[in-house]
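Novice: Dropping a structure here in structure tokens format, bear with me for questions.
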Amino acid sequence: MTYGKQLLQYQKTNIETSSGVDLIVMCYEHAIRFLKQAKEHYERKEYIEKGKSLQRALDIIAELKLSLDFERGGEIARNLESIYNFLIKTLLEADINRKLQDFDNAVTILEELKNAWVNIPKNGMEQKGKEAEGKLDTEATASIKLHAGVAA
2 MTYGKQLLQY
12 QKTNIETSSG
22 VDLIVMCYEH
32 AIRFLKQAKE
42 HYERKEYIEK
52 GKSLQRALDI
62 IAELKLSLDF
72 ERGGEIARNL
82 ESIYNFLIKT
92 LLEADINRKL
102 QDFDNAVTIL
112 EELKNAWVNI
122 PKNGMEQKGK
132 EAEGKLDTEA
142 TASIKLHAGV
152 AA
């Protein structure tokens, strides 16, 4: 088996054995990586690669938005939807208007979201199972909303 195939198998196994929270954290990590790559490509005037990286990040954010469970997530799910909408709109406008600082701002928001998910107590998630998915620390959520300029 070649290195590339081994890596793909490892990634597949990692995804298949991860909890819901771990998968969400992985999505944030990949979106952050793709946004950083998009900015780097933009700065090097590699516009085709910039477009590919930006599209990957936008696809991940859109998928996170589509996966929200409004019944179990309640207000937090609605707040996350607003944040995801804000990110998508901001990134599209940043691309059109060449506002690279907005790429950095989006990365900061995604890092805060990722950290909020990372800090969810693991034992609480295991005990409550599916019911606990979608819950974020309210203080972290408030910080994210303020940073993103999203009204409560």
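So that you can map any letter, position 20 of the sequence shown is 21 in my numbering, and since no number is skipped, the others follow by simple counting.
Ideal placement from N, C-alpha and C gives every residue a C-beta, glycine not left out.
(1) Under 8 Å between the Cβ atoms of A63 and L36?
(2) Mind checking Y85: buried by the 16 CB within 10 Å criterion, or exposed?
(3) What are the boundary residues of the alpha helix (DSSP H) that I121 is part of?
(4) Between R34 and M27, what straight-line distance do the alpha-carbon atoms span, to the nearest angstrom?
(5) Do A32 and F104 have their beta-carbon atoms positioned less than 8 Å apart in this structure?
(6) Would you mind working out which of Y43, L55, V22, E30 sits nearest K90, comparing C-alpha positions?
(7) In whole angstroms, what is the alpha-carbon distance linking I113 and K46?
(8) Would you decide whether N80 is buried or exposed? Buried here means 16 or more other CB atoms lie within 10 Å of its CB.
(9) Give the C-beta separation of L92 and A78 to the nearest angstrom, bearing in mind that I take them to be a contact with Cβ-Cβ under 8 Å.
(10) Between G130 and R73, what straight-line distance do the alpha-carbon atoms span, to the nearest angstrom?
(11) Which of helix, strand or coil does DSSP assign to L69?
(12) On the criterion of 16 or more Cβ atoms from any shown chain inside 10 Å, does I110 qualify as buried, or is it exposed?
(13) Could you give the distance in angstroms between the alpha-carbon of K51 and the alpha-carbon of D96?
Specialist: Considering the structure as presented:
(1) It is not a contact, given that the beta carbons lie outside the stated cut-off.
(2) So Y85 counts as buried.
(3) In the DSSP annotation of this structure, I121 is not part of any alpha helix (DSSP H), being labelled neither H nor E.
(4) Cα-Cα distance, rounded: 10 Å.
(5) Taking the C-beta atoms as reference points, A32 is found no nearer than 8 Å to F104.
(6) For K90, the nearest C-alpha among the options comes from L55.
(7) Correcting the residue identity first, residue 113 is Glu in this sequence and not Ile. Approximately 29 Å between the Cα atoms of the pair.
(8) With a threshold of 16 other beta carbon atoms within 10 Å, N80 meets it and is buried.
(9) Between L92 and A78 the beta-carbon gap is near 21 Å, outside 8 Å, which marks them as no contact.
(10) Because the pLDDT of G130 is 43, which lies under 50, any placement of that residue in the model is unreliable, and the question is left without a value.
(11) Looking at L69 - three-state DSSP - the assignment turns out to be coil, as it is neither helix nor strand.
(12) In the assembly as shown, I110 is a buried residue. Its beta-carbon has 16 or more other beta-carbons within 10 Å.
(13) Straight-line Cα distance between these residues: approximately 9 Å.
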